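Visitor: Numbers 614 to 1172, taken from the working numbering, label the letters of the first sequence in order.
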Amino acid sequence: MTENNERNLDFIREIIKNDLESGKHKTTVTRFPPEPNGFLHIGHAKAICLNYGISKENEGARFHLRFDDTNPEKEEVKYIEAIKKDLEWLGVDWGENLFYASDYFDKLYEYAIILIKDGKAYVDELNAEEIREYRGTLTKPGKNSPYRDRNIEENLELFEKMRSGEVEEGKMVLRAKIDMASPNINMRDPVIYRIKNIHHPRTGDKWCIYPMYDYTHCISDALENITHSLCTLEFEDHRPLYDWFLDQLPVPSHPRQIEFARLNLNYTVMSKRHLLKLVEENHVDGWDDPRMPTISGLRRRGYTSASIWEFLSQIGLAKVVSTVDIGLLEYFIRQELNKTSDRVLVVLDPLKVVITNYPDDKEDEFELPNNPEDENAGTRKVKFTKELYIERGDFMEDPPKKFFRLFPGKEVRLKSAYLVRCNDVIKDDNGNITEIHCTYDPDSKGGSAPDGRKVKGTLHWVSAKYGKKIEVRMFDRLFNVENPGKETGDYIDDLNRDSKKVLKNSIAEPGILEAEKGKRFQFFRHGYFFSDPIDSTEGSPVFNQIVSLKDTWEKVKKK
RNA sequence: UGGGGUGUGGCCAAGUUGGUAAGGCACAGGACUUUGACUCCUGCAUGCGCUGGUUCGAGUCCAGUCGCCCCAGCCA
């Protein structure tokens, strides 16, 4: 399925192939550089899959994990731990190659001194607002700061004062001296160091000046001898700056930055800022809410890392801003779970059925295959009794055309048990159906009639006597629209308020109570479910719906 | 009105020196079916944003034109 043959390399792997063939590089060194200010989402996984994937494809290649921790104001240790956990779950092994941008603070500082000495950086005393004014606009060139032409000695002195804590926050910054008239705003003397009197999780109080992204990132890449620095499209404009710094400094290498389009999925949001808000305002139950597109959310939902990996390798890689249909992700998890998960009979919304001609004290025991797709999955025994439950939605008193489930006078098959025919509908005073009376065909044991008559509908069922109540959480898309916020202006307004439904009266085969945490099942005719690793307790699992089965009837009904 | 990108079917996405539009998902038929699932067949761009041009021949080259995305943090 995954054939990255010669001809179908994406444009980045094409570049790499050429670099290897030309001898520019002997192997590859790629990296994933998250900022620890939030949880990883599936968009990050695309970058991980790319960078880590490349390292697995080339002999002698390395993959680095580098936390981009240059802004202690936003970054927290808890995010570092969460990110590592997510990466491990995804199967990423960075070995010894764990780095932090803060590892390079000393080196970065030395390089800044070099820039100053070379007359390529200066200490600016303009305040933030003035800097913005002097920067100009997209169409108007900026103008030079009055502090731009200080002499080197003075710059050195002032920078030292910034470093030593003698300067108040916001009073001074170090800027690169490039070109205030550049059509590329990033080149208009970008700030490279700012003062922040904040404790850093890793360097403590050693520094009160912290380097900016543009300055830090390229140098960090260079120090690690990264060969191909892969990032998203919005950094395209930053590439000239990336190259500028590396051209000025005596760095050990000059990586090539290549940009690709980030992953967008419909019916969800994919920015850390947006996801953070969902968490903080309690629109979801946390970063790992099963409805979240975060790695931890997908994991909690029951997705496998293999299915995510498969999805990412199939969507391709390009520079066009695109939005992938979330249905494709669902396709891959169904594909995997169809082959690997045990089937189990679970009635989500129970409706009682009484088999009137079945003796009160009679019981049958049927042996069902756990997984018809896998011969090695074994079988299990399921008990059949006079009173059963079927799915409320599998019965209709007045059915539409082509409804081949149960209705008065209709015969259906109870999966692997008997053929039954509906004779009576019992209702309460309000007209609600409370139970169904059926008769069974004693000769149809196992589910097929000796006379060979064809019965189209097959329903799942659970014995009322032996079935056990379980909690099941059903999930729908988090948003009502494909592109949240596009029309309404605020994505919060597009939240699907019914995206989570907790079913507490579902009835399951008793065997499922022994399901260990984190096990995936196919609830027969429903979909795939995951025993929640956190909320499940011994003997009483709680299930999260991973994804439903494809439902053609649902589509037919709508017509 | 500045700069940087990008436009191939509903959604992704191949298309290497111009030679006559891969593949996946979705969708529509059909077969099979004790999951209306799975699986298996079949169909699905006379056209590659648009207009011209070069050429025997253009998604691929040239010119022009339109649309969309990103950039004015002491965020990354």
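Glycine is no exception: its CB is placed at the ideal position from the N, C-alpha and C atoms. Predicted model only: the values in this text are computed from it and were never measured.
Leaving aside the five residues before and after Pro1146 along the sequence, list all residues of the same chain whose C-beta is less than 8 Å from its C-beta, in chain order.
Guide: Along the first sequence, one-based indexing puts residue 1146 at 533. Cβ neighbours of Pro1146 beyond the five flanking positions: Arg913, Lys1130 and Gly1131.
Visitor: Taking the alpha carbon of Ile1049 as the point to measure from, which residue in Asn1043, Asp1037 and Asp1041 has its own alpha carbon closest?
Guide: Your numbering for residue 1049 matches position 436 in the first sequence. Of Asn1043, Asp1037 and Asp1041, the residue nearest in Cα terms is Asp1037.
Visitor: Alpha carbon to alpha carbon, how far is Pro963 from Gly817? Give it in angstroms, no decimals.
Guide: Mapped onto the first sequence, residue 817 falls at position 204. Mapped onto the first sequence, residue 963 falls at position 350. When rounded, the distance between both Cα atoms is 59 Å.
Visitor: From Gln1158, Tyr826, Asn710 and Glu1024, pick the residue whose C-alpha is nearest to that of Ser668; which is it?
Guide: Stepping through the first sequence from its first residue, residue 668 is reached at position 55. Of Gln1158, Tyr826, Asn710 and Glu1024, the residue nearest in Cα terms is Asn710.
Visitor: Using DSSP's beta-bridge definition, name the partner residues of Glu1081.
Guide: In the first sequence, counting from the first residue as 1, residue 1081 sits at position 468. The question names Glu, but residue 1081 is Lys in the sequence shown. Paired residues: Ala1121.
Visitor: Tell whether a beta-carbon distance below 8 Å holds between Thr845 and Arg875.
Guide: For the purposes of this step, residue 845 is identified with residue 232 of the first sequence, where counting begins at 1. For the purposes of this step, residue 875 is identified with residue 262 of the first sequence, where counting begins at 1. Result yes, Cβ atoms of Thr845 and Arg875 sit closer than 8 Å.
Visitor: I'd like to know if the region 815 to 834 and the region 763 to 771 are in contact, where contact means that at least 3 CB-CB pairs between them fall below 8 Å.
Guide: Cβ pair count under 8 Å is below three, so no.
Visitor: Hey, is the region 938 to 946 in contact with the region 911 to 925, meaning 3+ C-beta pairs nearer than 8 Å?
Guide: yes
Visitor: Assign Phe588 to one of two classes, buried (16 or more other C-beta atoms within 10 Å of its C-beta) or exposed (fewer than that).
Guide: Because the chain is modelled from 614 through 1172, residue 588 falls outside the range shown and cannot be assessed.
Visitor: Give the range of the alpha helix (DSSP H) segment to which His677 is assigned.
Guide: Sequence index remark: in the first sequence, residue 677 carries index 64 (1-based). Element bounds for His677: not the alpha helix (DSSP H) but the beta strand (DSSP E), Arg675 to Phe680.
Visitor: Determine the extent of the alpha helix (DSSP H) in which Val995 is found, giving its start and end residues.
Guide: Position 382 of the first sequence holds residue 995. No alpha helix (DSSP H) contains Val995, which is instead part of the beta strand (DSSP E) from Thr992 to Phe997.
Visitor: Provide the residue span of the alpha helix (DSSP H) that contains Ala734, from first to last.
Guide: Locating residue 734 in the first sequence gives position 121, counting from the first residue. First-last for Ala734: Ala734 to Asp737, but that is the beta strand (DSSP E), not the alpha helix (DSSP H).
Visitor: Would you check if the distance between the CB atom of Glu872 and the CB atom of Glu849 is smaller than 8 Å?
Guide: Start at 1 with the first residue of the first sequence, and residue 872 comes out as number 259. Start at 1 with the first residue of the first sequence, and residue 849 comes out as number 236. Glu849 is positioned such that its CB atom lies closer than 8 Å to that of Glu872.
Visitor: Do Phe718 and His677 have their C-beta atoms closer together than 8 Å?
Guide: As a working note, residue 718 is residue 105 in the first sequence. As a working note, residue 677 is residue 64 in the first sequence. Not in contact: Phe718 and His677 (Cβ atoms no closer than 8 Å).
Visitor: Please identify the residue among Lys1015, Val1085 and Pro863 whose C-alpha is closest to the C-alpha of Lys1114.
Guide: As a first step, residue 1114 must be located in the first sequence, where it is residue number 501. Residue Val1085 is the option with its Cα nearest to Lys1114.
Visitor: Please classify Lys1113: does DSSP put it in a helix, a strand, or coil?
Guide: On the first sequence, residue 1113 is found 500 positions in, with the first residue counted as 1. Correct three-state label for Lys1113: strand.
Visitor: Can you tell me where the alpha helix (DSSP H) holding Trp1074 begins and where it ends?
Guide: Working through the first sequence from its first residue, we reach residue 1074 at position 461. Here Trp1074 belongs to no alpha helix (DSSP H); instead the beta strand (DSSP E) covers Trp1074 to Ser1076.
Visitor: Tell me, please, whether the region 1045 to 1065 touches the region 1087 to 1094 by the rule of three or more beta-carbon pairs shorter than 8 Å.
Guide: Per the Cβ contact rule, the region 1045 to 1065 is not in contact with the region 1087 to 1094 (fewer than 3 Cβ pairs under 8 Å).
Visitor: Leaving out the 5 sequence neighbours to the left and right, which residues in its chain are closer than 6 Å to Val934 when beta-carbon positions are compared?
Guide: In the first sequence, the residue the question calls residue 934 occupies position 321. Taken in chain order, the residues that qualify are Ala874.
Visitor: Within the same chain, show all residues whose beta-carbon is closer than 7 Å to that of Ser1112, passing over the 5 residues directly before and after it, in chain order.
Guide: One-based indexing of the first sequence puts residue 1112 at position 499. If we look at Ser1112 and ignore the five residues flanking it on each side, its Cβ neighbours are Arg904, Phe1088, Asp1089, Arg1090 and Leu1091.
Visitor: Taking the alpha-carbon positions, what's the Lys659 to Gly929 distance?
Guide: In the first sequence, counting from the first residue as 1, residue 659 sits at position 46. In the first sequence, counting from the first residue as 1, residue 929 sits at position 316. Whole-angstrom Cα-Cα distance: 10 Å.
Visitor: Please say whether Val960 and Val1173 have beta carbons closer to each other than 8 Å?
Guide: In the structure as shown, the chain starts at 614 and stops at 1172, and residue 1173 therefore has no counterpart that could be examined.
Visitor: Taking the C-alpha atoms as reference points, what is the distance between Cys662 and Asn621?
Guide: Within the first sequence, the letter at position 49 stands for residue 662. Within the first sequence, the letter at position 8 stands for residue 621. So the alpha carbons of these two residues sit roughly 17 Å apart.
Visitor: Per the DSSP calculation, Leu981 is bridged to which residue(s)?
Guide: Position 368 of the first sequence holds residue 981. The partner list for Leu981 (beta bridge, DSSP) reads Arg993.
Visitor: Quick one: what does DSSP say Met1087 is sitting in, helix, strand or coil?
Guide: Working through the first sequence from its first residue, we reach residue 1087 at position 474. In the structure shown, Met1087 sits in a strand (DSSP, three-state: E or B).
Visitor: Could you tell me whether the region 945 to 953 touches the region 640 to 648, where touching means 3 or more Cβ pairs closer than 8 Å?
Guide: no
Visitor: Expressed to the nearest angstrom, what Euclidean distance is found between the alpha-carbon atoms of Ile727 and Asp1148?
Guide: Position 114 of the first sequence holds residue 727. Position 535 of the first sequence holds residue 1148. Rounded to whole angstroms, the separation of the alpha carbons of Asp1148 and Ile727 is 56 Å.
Visitor: Can at least three beta-carbon pairs, one atom from the region 693 to 709 and one from the region 855 to 868, be found at a separation below 8 Å?
Guide: At 8 Å Cβ cutoff, the stretches do not touch.
Visitor: Where does Phe718 sit, in a helix, a strand or coil, going by DSSP?
Guide: Numbered from its first residue, the first sequence carries residue 718 at position 105. It is helical.
Visitor: Just reading off the beta strand (DSSP E) that Val966 is part of, what are its end residues?
Guide: Here residue 966 is taken as the residue at index 353 of the first sequence, counted from 1. First-last of the beta strand (DSSP E) with Val966: Pro963 to Ile968.
Visitor: As a quick exercise: from Ala1121, Ser1161 and Arg1138, pick the residue whose alpha carbon is nearest that of Pro1154.
Guide: Residue 1154 sits at position 541 when you count from the first residue of the first sequence. The shortest CA-to-CA distance from Pro1154 to any of Ala1121, Ser1161 and Arg1138 is the one to Ala1121.
Visitor: Give me the Cα-Cα distance between Gly1152 and Ala835, rounded to the nearest whole angstrom.
Guide: Locating residue 1152 in the first sequence gives position 539, where the first residue counts as 1. Locating residue 835 in the first sequence gives position 222, where the first residue counts as 1. So the alpha carbons of these two residues sit roughly 54 Å apart.
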